[in-house]
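Worksheet: one structure, shown below.
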Amino acid sequence: MPNSDKSWTLEQFQVAPKEGETRFHDFDLELPLMRGIAEQGFSYCTPIQAQVLAHTLAGADAIGRAQTGTGKTAAFLITIINDLLKHPVTVKRYAGEPRALIVAPTRELALQIEKDARGLCKYTDLRVMSVVGGMNFNRQQERLQKSVIDILVSTPGRLLDFCNRRDLWLDRVEVLVLDEADRMLDMGFIPDVKRIVRYTPVSDYRQTLLFSATFNQDVMNLAKRWTQHAEVVEIEPTQVTTETVEQKVFITETSKKYNLLHNLIVKEDLDKVMVFANRRDITRRLCERLQKKGINAAMISGDVPQNQRLKTLERFRGGKVRVLIATDVAGRGIHIDGVSHVVNYNLPEDPEDYVHRIGRTGRAGASGTSISFACEDDAFLLPELEKAIGMKLDCIYPPEELLGDPEPVTQPKPAQQPATDSPETSGPEADTATATADSTDNGTDERSGTHADEPARN
Numbered sequence: 001m002p003n004s005d006k007s008w009t010l011e012q013f014q015v016a017p018k019e020g021e022t023r024f025h026d027f028d029l030e031l032p033l034m035r036g037i038a039e040q041g042f043s044y045c046t047p048i049q050a051q052v053l054a055h056t057l058a059g060a061d062a063i064g065r066a067q068t069g070t071g072k073t074a075a076f077l078i079t080i081i082n083d084l085l086k087h088p089v090t091v092k093r094y095a096g097e098p099r100a101l102i103v104a105p106t107r108e109l110a111l112q113i114e115k116d117a118r119g120l121c122k123y124t125d126l127r128v129m130s131v132v133g134g135m136n137f138n139r140q141q142e143r144l145q146k147s148v149i150d151i152l153v154s155t156p157g158r159l160l161d162f163c164n165r166r167d168l169w170l171d172r173v174e175v176l177v178l179d180e181a182d183r184m185l186d187m188g189f190i191p192d193v194k195r196i197v198r199y200t201p202v203s204d205y206r207q208t209l210l211f212s213a214t215f216n217q218d219v220m221n222l223a224k225r226w227t228q229h230a231e232v233v234e235i236e237p238t239q240v241t242t243e244t245v246e247q248k249v250f251i252t253e254t255s256k257k258y259n260l261l262h263n264l265i266v267k268e269d270l271d272k273v274m275v276f277a278n279r280r281d282i283t284r285r286l287c288e289r290l291q292k293k294g295i296n297a298a299m300i301s302g303d304v305p306q307n308q309r310l311k312t313l314e315r316f317r318g319g320k321v322r323v324l325i326a327t328d329v330a331g332r333g334i335h336i337d338g339v340s341h342v343v344n345y346n347l348p349e350d351p352e353d354y355v356h357r358i359g360r361t362g363r364a365g366a367s368g369t370s371i372s373f374a375c376e377d378d379a380f381l382l383p384e385l386e387k388a389i390g391m392k393l394d395c396i397y398p399p400e401e402l403l404g405d406p407e408p409v410t411q412p413k414p415a416q417q418p419a420t421d422s423p424e425t426s427g428p429e430a431d432t433a434t435a436t437a438d439s440t441d442n443g444t445d446e447r448s449g450t451h452a453d454e455p456a457r458n
């Protein structure tokens, strides 16, 4: 429920005009939304926000392209929330009929969008919900059958499940958002998305916003089919990877990589680190070895059940986990403030994964550091990676003191946790009403039976 305090005014949210910057004050936004924006710590719009909002707040369709970490989620959420507040429904409403629908390709991204929406909606009466695969089906179904929903965030497969069961009706959708359209295309979701779009009102009677990291011909063809006279907004980075992230590569031997990782964390006193590996067995092994040395580490990968992944992310977000080790299941859609370093324990085979990995740090103008290990097993990937990102990476040999045998941490961080995290209930249930896994959840997508860090249906 929103805070009932009516005394808050814009006088309590002072942001001075600045040349070349756009403030949220410069748009005609509803006061409860402005209070949510203030509480989220936003002051000036990012380029994608400034350009998109200029069109979408007036009701126009939009097609947006921007790299990760530039604030596109807030751009479409602010559009939705302001529109719903300005145009309240006066007729009787029914359960399972959302006014706004956001479709995302992965569970992690959908749940992050839901969390962001709840923050911005804190001082409104708008109700936010997510329905995603791999979570408790019956609980989601019960809420759909009993709750009036304003903003629904979903992955394609689970959304269609509920539509087919007549628990969800999309004919009242006023705003439709398709996020990361390029990834939905890559993952084979477009047939599902086409069905979802057909369940919503025709494009003349809904606002459609489509966001994508790339504008290939397939994406543009879909965008033109689903939008009406859409404004196209492209934010061109000076380079594919963000300038706020210092990027370097340590040339090392395979046998020295663990020592290098451990000593980097301990001797450089790194406090909030994400480590990416290419395989689940590597993440598990790294997590166990770091824990045995007294470093508070946790892991997320496809064989960790979804509810435990969410708890681990909340603990990392809250500073209770020092090192988070992940496969590329965490590469997109996870927004955690204050990640100081990203370490690529393995170089990714796909350069796009590199871009999304290092995008976990240096977000929204903050600075960060990316360190990649290149050894005899994967150094051959460097030329193709550099070509893809359009820059030469700084390749150096690590200092000798970082290669020695590690010693246990003398003052360990809080008590160790098992590699797959504790199953007790905590954390994200407070933030996401649907964050409860089926008792039989084994880390696989229940519709496809495949693991979550494979391109499976959600």
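The numbering of the sequence shown is full-length UniProt numbering, which starts it at 1 and goes up by one.
Just so it is clear, CB atoms sit at the ideal spot from N, CA and C, and this is done for glycine as well.
Reference residue i; option with closest CA among the options
i: residue 231; options: 102, 24, 60, 28; result: 60
i: residue 20; options: 10, 30, 47, 11; result: 47
i: residue 138; options: 198, 167, 119; result: 167
i: residue 215; options: 233, 258, 379; result: 233
i: residue 97; options: 158, 217, 163; result: 163
i: residue 345; options: 362, 249, 393, 388; result: 249
i: residue 17; options: 43, 273, 169; result: 43
i: residue 350; options: 384, 78, 80, 35; result: 384
i: residue 219; options: 33, 185, 288; result: 185
i: residue 295; options: 123, 280, 266; result: 266
i: residue 316; options: 360, 280, 353, 347; result: 360
i: residue 110; options: 126, 178, 99; result: 178
i: residue 343; options: 312, 275, 282; result: 275
i: residue 259; options: 293, 281, 226; result: 293
i: residue 33; options: 106, 126, 70; result: 126
i: residue 157; options: 268, 131, 136, 144; result: 131
i: residue 30; options: 66, 120, 100; result: 120
i: residue 309; options: 105, 144, 112; result: 112
i: residue 169; options: 197, 50, 203; result: 197
i: residue 356; options: 304, 376, 213; result: 213
i: residue 105; options: 144, 153, 145; result: 153
i: residue 251; options: 402, 373, 92; result: 373
i: residue 57; options: 81, 194, 22, 191; result: 81
Endpoints, alpha helix (DSSP H) assigned at residue i
i: residue 222; result: 217 to 226
i: residue 116; result: 107 to 120
i: residue 159; result: 156 to 164
i: residue 79; result: 72 to 86
i: residue 12; result: From DSSP, residue 12 is part of no alpha helix (DSSP H); its letter is neither H nor E.
i: residue 137; result: 137 to 146
i: residue 48; result: 47 to 56
i: residue 316; result: 306 to 317
i: residue 382; result: 382 to 389
i: residue 127; result: Residue 127 -> no alpha helix (DSSP H), and no H or E assigned at all.
Endpoints, beta strand (DSSP E) assigned at residue i
i: residue 276; result: 273 to 276
i: residue 395; result: 394 to 396
i: residue 343; result: 341 to 344
i: residue 38; result: Segment 31 to 39 is the alpha helix (DSSP H) holding residue 38; no beta strand (DSSP E) there.
i: residue 248; result: 245 to 251
i: residue 325; result: 323 to 326
i: residue 231; result: 231 to 234
i: residue 170; result: No beta strand (DSSP E) holds residue 170; DSSP gives it neither H nor E.
i: residue 300; result: 297 to 300
i: residue 93; result: From DSSP, residue 93 is part of no beta strand (DSSP E); its letter is neither H nor E.
i: residue 285; result: It is not in any beta strand (DSSP E) - residue 285 instead sits in the alpha helix (DSSP H) that spans 280 to 292.
i: residue 210; result: 207 to 212
i: residue 103; result: 100 to 103
i: residue 65; result: 62 to 65
i: residue 371; result: 368 to 374
Supposed close pair residue i, residue j - CB separation, criterion 8 Å
i: residue 336; j: residue 277; result: Not quite, the Cβ-Cβ distance comes to about 18 Å (not below 8 Å), so this is no contact.
i: residue 24; j: residue 37; result: 5 Å
i: residue 128; j: residue 161; result: Contact flag wrong, Cβ pair sits at about 20 Å.
i: residue 222; j: residue 262; result: The Cβ separation is near 46 Å, so there is no contact.
i: residue 358; j: residue 247; result: 7 Å
Neighbour-count burial assignment, residue i, 16 or more Cβ in a 10 Å radius
i: residue 205; result: exposed
i: residue 41; result: exposed
i: residue 404; result: exposed
i: residue 9; result: exposed
i: residue 255; result: exposed
i: residue 87; result: exposed
i: residue 134; result: buried
i: residue 14; result: exposed
i: residue 123; result: buried
i: residue 72; result: buried
i: residue 208; result: buried
i: residue 399; result: exposed
i: residue 52; result: buried
i: residue 444; result: Bear in mind that a pLDDT of 33 at residue 444, under 50, signals an unreliable position, so the number given afterwards is only what the model happens to contain. The residue in question, residue 444, is buried, as its Cβ has 16 or more Cβ neighbours within 10 Å.
i: residue 90; result: exposed
i: residue 202; result: exposed
Closer than 7 Å to chain B by CB, residue i
i: residue 362; result: As a matter of chain content, chain B is missing from the structure shown, which is built from one protein chain.
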